[in-house]
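Residue numbers (full-length UniProt numbering): 1 to 494.
Think of the CB as a built atom: it goes at the ideal place given N, C-alpha and C, for glycine as much as any other residue.
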């Protein structure tokens, strides 16, 4: 269905792809794996006409092609769904699903009744019981992702490329997506599946190609390479070199205490206690109140009632400024929408919160800025051409480390991490996990929110499970296992 033969692509003389061979056959779910910067996105853009190769050929159904752009590829039945969905929030779900191919009446006008009915049938097949007449922006990122995938599938595409399709999805939505993918390859549709979640690759893919530094380092049957070997192949080093998880040595002293946090329809009398040097995980499905709880602790949004104390001293809730002054900082779930300023440099993003501390009489010291930036770029191993590089040009993992650097520069006592490894590659996840362990060892109290149960189990000393805004269980010690946490999330405590 689609093939790349000895494809090479350079940017400013630096090779992003080097003699890459890739073969996608019909009725196949082919994993494309590798760290951020390995060349996955560049290869997809070459295959779909968004980029032209400097050397090599692309074949479609065995014939050489030179797509003039993504629209040309779409016309040939090749559809791509990116992690950042290209949807229009101000338009209805139906309009997004049928954009450019709206059903029309005899006068050439859009037949909205027919379009809404067709949208309802399509959404039902994805398990989405929603009103397609509503604006797209009124739905969660997970629902928007499923809508983007539904649109791609409904175009009669014979090749579907899915780039991190589950990054915003909850387990039930992932199950639905996998069922849709199985139906696709039963219809001989070829699927390229890109994900940093290795467990997903083994669940849904039958072949895999691994890229590292722009080159193919492995290609073959999914069943022929085990998870440990795959991870080592992606990283280019033995697993023994990877930072192991260790239990944190928490003190007996509470650094954060929250009692009776309540906000109508969001948080229902949640209590949280975090000791210095401890990592407390927050688990639960999307909508369980995880993000709402950490945002409340960070002073974002007024509570109806409840108290928050840092080292036994109460702080005013509903004030982000007072939470920060008390030592509570939040790395938000959506770093692009709620954290980073893409047009600013790495340096400007890192020092943003610390500017008052770096100024005298309203004048900011550039030398103090440079010292802070140099310290945290080195400490967090932020990979950038320079501190003046726009942050939008960095990989997802390095953008996340810039966010961490901004708040670590404030010398916090409590670090709230909301989905800190979402959308970043395996190597960056390991670096973030190692950093969390290091910060806990230095005495920070850490709250870790994650949809990835394995991440909670690997990184947290205790796991608090939420459902419908309420705390339903707390697991600690030997109770913190993947099976136990998943069981409590799905069925509640027993």
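CB contact flag (residue i, residue j, <8 Å)
i, j, result
"residue 413", "residue 421", "no"
"residue 345", "residue 388", "yes"
"residue 214", "residue 39", "yes"
"residue 495", "residue 449", "Lying outside 1 to 494, the shown extent of the chain, residue 495 is not represented and no answer is given."
"residue 163", "residue 77", "no"
"residue 16", "residue 42", "yes"
"residue 285", "residue 416", "no"
"residue 300", "residue 447", "no"
"residue 254", "residue 274", "yes"
Residue i burial status per 10 Å Cβ neighbour count (16 or more: buried)
i, result
"residue 175", "exposed"
"residue 377", "buried"
"residue 503", "In the structure displayed, the chain extends from 1 to 494; residue 503 sits before or after that span and is not available."
"residue 497", "Residue 497 cannot be examined here, being either before or after the span of the chain that is shown, 1 to 494."
"residue 307", "exposed"
"residue 245", "With a pLDDT of only 47 at residue 245, under the threshold of 50, the placement of this residue in the model should not be trusted, and no figure is reported."
"residue 36", "buried"
"residue 169", "buried"
"residue 272", "buried"
"residue 461", "buried"
"residue 266", "buried"
"residue 173", "buried"
"residue 241", "Bear in mind that a pLDDT of 49 at residue 241, under 50, signals an unreliable position, so the model cannot answer this."
"residue 57", "exposed"
"residue 451", "buried"
"residue 484", "buried"
"residue 369", "buried"
Of the residues the options, the one placed nearest residue i, counting alpha carbons only
i, options, result
"residue 140", "334, 179, 458", "334"
"residue 199", "230, 220, 172, 293", "230"
"residue 325", "303, 488, 353", "353"
"residue 477", "250, 59, 232", "250"
"residue 120", "104, 97, 42", "97"
"residue 445", "327, 424, 372, 371", "327"
"residue 227", "201, 122, 358", "201"
"residue 190", "8, 27, 365, 340", "27"
"residue 2", "122, 73, 33", "73"
"residue 405", "340, 217, 45, 364", "340"
"residue 287", "143, 18, 358", "143"
"residue 471", "19, 338, 217, 293", "293"
Supposed close pair residue i, residue j - CB separation, criterion 8 Å
i, j, result
"residue 464", "residue 481", "Contact doesn't hold; Cβ gap of about 15 Å is too wide."
"residue 342", "residue 390", "7 Å"
"residue 165", "residue 177", "6 Å"
"residue 126", "residue 150", "5 Å"
"residue 498", "residue 180", "Nothing in the structure corresponds to residue 498, since the chain is present only between 1 and 494."
"residue 310", "residue 256", "6 Å"
"residue 488", "residue 459", "Contact doesn't hold; Cβ gap of about 17 Å is too wide."
"residue 469", "residue 268", "4 Å"
"residue 440", "residue 331", "Actually they do not touch by this definition, with Cβ atoms about 15 Å apart."
"residue 102", "residue 115", "6 Å"
Beta-bridge partners of residue i, as assigned by DSSP
i, result
"residue 416", "330, 447"
"residue 466", "471"
"residue 313", "310"
"residue 59", "3, 64"
"residue 209", "32, 219"
"residue 341", "In the DSSP output, where bridge partners are listed per residue, residue 341 has none listed."
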